[in-house]
Amino acid sequence: MPATPVEFFFDPNCPFTWRTSCWITEVADAGAATVTWRLMSLGVLNEGKEIPEKHREGVRQGGRVLRALAAAQAEGGSDAVARLYTALGTRRHEKGEASDDASIAAAVAEAGLPESVAAAVDDESLDAAVRAEHEASQAAVGDTVGSPVVALEGRGFFGPVVVPAPTGDQAMQLFEAVRLIAGVPAFSELKTARNPF
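So for the sequence shown, the numbering used here puts the first residue at 3; every next one is plus one.
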């Protein structure tokens, strides 16, 4: 069976999204999917809402990380986004590093991208590209949802949310289930309690 094209929309700050990205990477590495990595923004999603004080700096810095990812996208497309997200996500979600400018610069270097990508964190002109990507993520689902959004077979879905990220046969079983569900026009929602980290 040929690999299924998948669009993976993500906000790099979300730990649940990171685990889903590990799952879809495993699926892609097994040859079952080809992934186009696209941006979305929880900051844009929550515009106009009251954000608790303890989360405001994270939202602000998350916007700066998204600018770097938008610059990576302009520099080298989906492949560059994937490399940078992997470097950023490993630092943030596996090693517990803050997403500060030094960590972003180190991730950019690790991803083999030019220093201009790290410097893009201050380029407000990139906010329009992030917003356009975010709007595409919401259009794929047809509703207002958070991160991640996985689009395949002409349908977009929030999730799947996976903790921990499934590997091996379970990763492939989940992908096949999502692929089959995407082919059922009547299907719209399935949910249960989230696993703890």
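C-beta atoms are modelled at their ideal positions from N, C-alpha and C, and glycine is treated no differently.
Using a threshold of 8 Å, state whether the C-beta atoms of residue i and residue j are closer than that.
i: E77; j: V132; result: no
i: A74; j: L115; result: yes
i: A113; j: R85; result: yes
i: S149; j: F12; result: yes
i: L90; j: A109; result: yes
i: V186; j: V152; result: no
i: L68; j: S105; result: no
i: A167; j: R40; result: no
i: V123; j: R58; result: no
i: P17; j: F189; result: no
State the DSSP-derived secondary structure class of residue i, mapped to helix, strand or coil.
i: G1; result: Residue 1 is absent from the structure shown; the chain starts at 3 and stops at 199.
i: A74; result: helix
i: T22; result: helix
i: R157; result: strand
i: P200; result: Missing from the structure shown is residue 200; the chain here goes from 3 to 199 and no further.
i: I169; result: The displayed chain sequence assigns Thr, not Ile, to residue 169. The answer is coil: DSSP assigns T169 none of H, G, I, E or B.
i: T6; result: strand
i: V152; result: strand
i: F177; result: helix
Between the Cα of residue i and those of the options, spot the shortest distance and give me the residue it belongs to.
i: R21; options: L154, A173, G50, A5; result: A173
i: Q175; options: A35, A134, A107, E96; result: A35
i: D171; options: E28, F10, L154, P187; result: E28
i: E99; options: A184, N15, E191; result: N15
i: A135; options: S80, V61, L192, A184; result: Inspection of the sequence shows that residue 135 is occupied by Glu rather than by Ala. Taking only the C-alpha atoms, the option nearest E135 is S80.
i: L154; options: D145, F177, T169, E137; result: F177
i: E191; options: P7, V163, I53; result: V163
i: P7; options: T88, V37, C24; result: V37
i: T19; options: E117, T92, E126; result: T92
i: Q63; options: I183, D103, A111; result: D103
What distance in whole Å lies between the Cβ atoms of residue j and residue i, which are believed to be in contact at a cut-off of 8 Å?
i: N197; j: V165; result: 4 Å
i: G33; j: A70; result: Contact doesn't hold; Cβ gap of about 30 Å is too wide.
i: A142; j: E9; result: 7 Å
i: V61; j: I53; result: 6 Å
Could you tell me which whole alpha helix (DSSP H) segments of length 4 or greater appear in the region 36 to 62? 44 to 47
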